[in-house]
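Residue numbers (our numbering): 177 to 265.
Ideal Cβ positions, reconstructed from N, Cα and C, are used throughout, including at glycine.
Have a look at the structure below before the remarks.
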């Protein structure tokens, strides 16, 4: 609920991969992601975008004010111990 943005101490919004999978050709998804990311930027809320699977999608998503990305382009899910060994940890 958008009302929660006023009532809860939200510091990050995650955009589901369903809004990103076809974003390059889907005007509705483009409009929704644009509105959410712009609102978050104005409210100083971070945005994490899920479902980033290709370099082309990374480049396309740079058109939107997002804070971070997550998806198979960066890594498949890994066990906790393997994750700890990654240099990003």
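{"Item": "Residue 215 vs residue 190 beta-carbon contact at 8 Å", "Value": "no"}
{"Item": "Three CB pairs or more closer than 8 Å across the stretch 251-262 and the stretch 226-236", "Value": "no"}
{"Item": "Presumed contact (8 Å Cβ cut-off) between residue 226 and residue 206, rounded CB distance", "Value": "Contact flag wrong, Cβ pair sits at about 16 Å."}
{"Item": "Test item: CB-CB of residue 219 and residue 181 under 8 Å", "Value": "yes"}
{"Item": "Opening and closing residue of the beta strand (DSSP E) in which residue 222 lies", "Value": "222-225"}
{"Item": "Alpha carbon of residue 192 to alpha carbon of residue 200, nearest angstrom", "Value": "15 Å"}
{"Item": "Closest residue to residue 242 among 204, 257, 212 (Cα-Cα distance)", "Value": "212"}
{"Item": "Alpha-carbon spacing of residue 196 relative to residue 217, whole angstroms", "Value": "18 Å"}
{"Item": "Alpha-carbon spacing of residue 265 relative to residue 183, whole angstroms", "Value": "With a pLDDT of 48 at residue 265, under the threshold of 50, the modelled position of this residue cannot be trusted; read the value that follows with caution. Looking at the two C-alpha atoms, the distance is approximately 32 Å."}
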